[in-house]
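A.B. asks: The structure's right below; bear with me while I get my questions together.
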Amino acid sequence: MFPIRSHARRHLLSLPGALARRGYRTPTVLRREVLTAPNAVAKQLDASLVWKPPKERKGAKPMVRADKTRVNITGDALCDDIAAYLGDSLLRHRGCDLIDMYPGAGVWSRKLHDVLQPRSHILLEPDAALYTPFLESLLARPGTRLVPKAGIVWSNLNAVLSPEFLPHQTPRPWAPDIPPERNDTLLVTMNLANFPARRFLNFESIASLVLFQLLSSMRAGSLFQRYGLVRLLIWTTPEDGARLLPRVIQSRNRAAIDAELNTEWVREVVGLNNTLEATGRFAYNRDKNIDVEGTARVVARMRAQGLVTPPGRESDLLREVLDMGGAVSAAADQAPSWRFSDEEERLELVEAYQAGKVKADPAMLRRYRNLQNYHQWKLNRSSAFFSTDAERRAIVGLYRAGSPDAAAREAAWIETLDGQDRKLREQYQLYRDNLHVFNQDPPVLVWDRRLYEPLLGRPDEFFPNVPLALLDIQPRATHPLLRDMGRHSGHAGDYFELILRCLQQSGTQGPSRALDHIAPGCSDAVIPLCPSLRDPDVGGSPMGGYGEVSCRSLNERQMMEILQAWMEWPLKPSYAQLVGRLTDSDEPEEDE
Numbered sequence: 001m002f003p004i005r006s007h008a009r010r011h012l013l014s015l016p017g018a019l020a021r022r023g024y025r026t027p028t029v030l031r032r033e034v035l036t037a038p039n040a041v042a043k044q045l046d047a048s049l050v051w052k053p054p055k056e057r058k059g060a061k062p063m064v065r066a067d068k069t070r071v072n073i074t075g076d077a078l079c080d081d082i083a084a085y086l087g088d089s090l091l092r093h094r095g096c097d098l099i100d101m102y103p104g105a106g107v108w109s110r111k112l113h114d115v116l117q118p119r120s121h122i123l124l125e126p127d128a129a130l131y132t133p134f135l136e137s138l139l140a141r142p143g144t145r146l147v148p149k150a151g152i153v154w155s156n157l158n159a160v161l162s163p164e165f166l167p168h169q170t171p172r173p174w175a176p177d178i179p180p181e182r183n184d185t186l187l188v189t190m191n192l193a194n195f196p197a198r199r200f201l202n203f204e205s206i207a208s209l210v211l212f213q214l215l216s217s218m219r220a221g222s223l224f225q226r227y228g229l230v231r232l233l234i235w236t237t238p239e240d241g242a243r244l245l246p247r248v249i250q251s252r253n254r255a256a257i258d259a260e261l262n263t264e265w266v267r268e269v270v271g272l273n274n275t276l277e278a279t280g281r282f283a284y285n286r287d288k289n290i291d292v293e294g295t296a297r298v299v300a301r302m303r304a305q306g307l308v309t310p311p312g313r314e315s316d317l318l319r320e321v322l323d324m325g326g327a328v329s330a331a332a333d334q335a336p337s338w339r340f341s342d343e344e345e346r347l348e349l350v351e352a353y354q355a356g357k358v359k360a361d362p363a364m365l366r367r368y369r370n371l372q373n374y375h376q377w378k379l380n381r382s383s384a385f386f387s388t389d390a391e392r393r394a395i396v397g398l399y400r401a402g403s404p405d406a407a408a409r410e411a412a413w414i415e416t417l418d419g420q421d422r423k424l425r426e427q428y429q430l431y432r433d434n435l436h437v438f439n440q441d442p443p444v445l446v447w448d449r450r451l452y453e454p455l456l457g458r459p460d461e462f463f464p465n466v467p468l469a470l471l472d473i474q475p476r477a478t479h480p481l482l483r484d485m486g487r488h489s490g491h492a493g494d495y496f497e498l499i500l501r502c503l504q505q506s507g508t509q510g511p512s513r514a515l516d517h518i519a520p521g522c523s524d525a526v527i528p529l530c531p532s533l534r535d536p537d538v539g540g541s542p543m544g545g546y547g548e549v550s551c552r553s554l555n556e557r558q559m560m561e562i563l564q565a566w567m568e569w570p571l572k573p574s575y576a577q578l579v580g581r582l583t584d585s586d587e588p589e590e591d592e
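Numbering-wise, full-length UniProt numbering puts 379 at position 379 of the sequence shown, and it's gapless, one number per residue.
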């Protein structure tokens, strides 16, 4: 896996378009229910027969050959709401150069052009035969130019990133000691959404590969970032967007960490309904009190900005928090509560039992008792998690105060956890880690830093009727050590790739154990030089064992201290030695 990921990061996508269309996850014949056409643009797309199932064409052939997995934005009202929601943040690019990849039917492209009045608007559209009629009014405007090529094939893109197309842009110098500056005179938008998704190598979709490469380019100063820190507005599926904006610590994969390290922000402008309803397995869930408190924080930020979600664009969770009127308790001050799919069934059976309708049916009575017993077990588990973590926080408080009782209390706490079932202990650690990363300033997960709630996009505003997410990505100057990579460098950034991979593999372990997996003696040399690992004010923990901060919850400051200490360690293996030592080990899955 490591050689594949390294190739993807360094060499980028250069395959011809035909090969890039291979590997559909699901059948390419779309269900009729996702092909309704509620507006004029959708009707025109539907009339092309590109998306229509063969059985419904009545012998007719599509007007042109085109990629039928692409999803188009067709809702004018949605684009209006986005422009108003972004407000001055978008207007700062007025008069810029606009690179527009996969504009498709052009509804979003026209809105951006109307708002920004760009001096140049370059549209890279490989299916030009299908979409040119949709783009004619836009192409008639001064400075607008159509390039009938796929923008994600980087050889095509590099031809556009040239003085011929961008005479006003000048490549900026790139070096570890020269921090790049924001460039608001260039804006990039692209639509990477495909339904069904298209796999590529070890990536769940080509879109996730492209997002990975775009994040990598921010550190390397390549692609658009050669002109400075260039903002990206990217349409993609909610699943691909969630890889950059995980809602839970257990989904914090490499792409999410790259977003934390390389961007000033990643914001979901449009997304799916954010709700408190059941979300499935415990392993991909977190205490719903965290979600409520997080949304309440966002409401406060929005009010401070004078920002209001347009009517009808609010998520269910946002409505619930607004209805609470600010009466939201901190997640750390109450027992955790998780959303499970069987809760609705349990409540229905409780109501039926109270109405005397259950006892006469043995199967229903057995199910009622099982669910009630399970519900009570969950309540007991939540109470145990809360008391365990309250004791942990009390011990941290003793260490802060320099109490001589801290070590004894910690030993007793660790002994208690040692006596628990392993799975139950892991579930507690998951609860603790999600709470830990949420309560830092700023929170570790980019999702919990959001300034506003995403607008709710409806399926009928897209064709096919598959809801999309709009990501707003603003790069920033990464840490100088991360930019120190490649030939004739100290390889700090290259070392970080390998160190981070080992830390991710260690997951629930603390870095004191994980670092010794990289090189013998590494922990003893590195940990003492990383004060933030033990400082609770910056996301650390003075405790050891189960109380140590876990590898999966390390924040940026802690990771950079580890890297700095590694670079200062005189006995560290050379970069070539470390690559040889670690290449054979498995890398964590991209989409955990």
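Note that the Cβ used here is the ideal one computed from N, Cα and C, for glycine as well.
On a predicted model such as this, the values are computed, not experimentally measured, just so you know.
With respect to the alpha helix (DSSP H) encompassing Asp389, which residues constitute its N-terminal and C-terminal limits?
C.D. replies: 362-401
A.B. asks: Which residue wins for smallest C-alpha separation from Gln509, given the options Arg381, Gly544, Lys68, Asp333?
C.D. replies: Gly544
A.B. asks: Please determine if the stretch 492-506 and the stretch 412-428 are in contact, where contact requires at least 3 C-beta pairs separated by less than 8 angstroms.
C.D. replies: no
A.B. asks: What is the rounded straight-line gap between the Cα of Asp418 and the Cα of Ser341?
C.D. replies: Roughly 31 angstroms between the two C-alpha positions.
A.B. asks: Among the candidates Trp413, Ser512, Gln250, Thr189, whose CA atom is the shortest distance from the CA of Leu232?
C.D. replies: Thr189
A.B. asks: Leaving aside the five residues before and after Leu49 along the sequence, list all residues of the same chain whose C-beta is less than 8 angstroms from its C-beta, in chain order.
C.D. replies: Arg57, Ala60, Lys61, Pro62, Met63
A.B. asks: Within its chain, find whatever has a CB closer than 7 angstroms to the CB of Pro542; leave out the 5 residues flanking it on each side and keep chain order.
C.D. replies: Setting aside the 5 residues that flank it on each side, Pro542 is surrounded in the same chain by Val396, Tyr399, Arg534, Pro536, each with a C-beta closer than 7 angstroms to its C-beta; the list follows chain order.
A.B. asks: Straight-line CA distance for Arg172 to Ala394?
C.D. replies: Looking at the two C-alpha atoms, the distance is approximately 51 angstroms.
A.B. asks: Excluding the 5 residues preceding and the 5 following Asp494 in the sequence, name in chain order all residues of the same chain whose CB lies nearer than 7 angstroms to its CB.
C.D. replies: So the qualifying residues of the chain are Met485, Tyr575.
A.B. asks: For the stretch 314-332 against the stretch 341-350, are there 3 or more C-beta pairs whose distance is under 8 angstroms?
C.D. replies: No, the stretch 314-332 does not touch the stretch 341-350.
A.B. asks: Here's a check: name, in chain order, each residue in its chain whose Cβ is nearer than 6 angstroms to the Cβ of Leu161, leaving out the five neighbours to either side.
C.D. replies: none
A.B. asks: Would you kindly work out how many angstroms separate the C-alpha atoms of Pro38 and Lys68, rounded to a whole number?
C.D. replies: 19 angstroms
A.B. asks: Buried or exposed for Thr416, going by 16 or more other Cβ atoms inside 10 Å?
C.D. replies: exposed
A.B. asks: In the stretch 431-470, which residue ranges form an unbroken beta strand (DSSP E) of at least 3 residues, counting only runs that do not cross its ends?
C.D. replies: none
A.B. asks: What does Asp472 pair with, by DSSP beta-bridge criteria?
C.D. replies: Leu233, Arg267
A.B. asks: Can you give the Cα-Cα distance for Gly312 and Cys79, rounded to whole angstroms?
C.D. replies: 14 angstroms
A.B. asks: Taking the C-alpha atoms as reference points, what is the distance between Leu582 and Asp177?
C.D. replies: 29 angstroms
A.B. asks: What does a CB cutoff of less than 7 angstroms around Ile82 pick up in its chain, not counting 5 residues either side in sequence?
C.D. replies: Cβ within range, chain order: Val269, Val270, Leu455, Leu470.
A.B. asks: Straight-line CA distance for Thr36 to Trp338?
C.D. replies: 36 angstroms
A.B. asks: Between Val358 and the rest of its own chain, which residues show a CB-CB distance below 6 angstroms, the 5 nearest in sequence each way excluded?
C.D. replies: Ala352, Met364, Leu365, Tyr368
A.B. asks: Looking at C-alpha atoms only, which residue of Tyr452, Gly547, Leu209, Leu500 is the closest neighbour of Ala412?
C.D. replies: Nearest C-alpha to Ala412: Gly547.
A.B. asks: Alpha carbons only, please: which of Arg254, His375, Ala384, Tyr431 is nearest the one belonging to Gln420?
C.D. replies: Ala384
A.B. asks: In whole angstroms, give me the CA-to-CA distance for Val466 and Arg392.
C.D. replies: 45 angstroms
A.B. asks: Would you decide whether Arg254 is buried or exposed? Buried here means 16 or more other CB atoms lie within 10 Å of its CB.
C.D. replies: buried
A.B. asks: Tyr24 to Arg199, Cα distance in whole Å?
C.D. replies: Low confidence applies here, because Tyr24 scores a pLDDT of 34, under 50, leaving its location unreliable; read the following figure in that light. Rounded to the nearest angstrom, the two C-alpha atoms are 6 angstroms apart.
A.B. asks: Ser109: buried (16+ other C-beta within 10 angstroms of its C-beta) or exposed?
C.D. replies: buried
A.B. asks: For Ala18, which of helix, strand or coil comes out of DSSP?
C.D. replies: Low per-residue confidence applies at Ala18: pLDDT is 37, beneath 50, and the placement is therefore not dependable, though the value from the model is reported in the following sentence. Helix.
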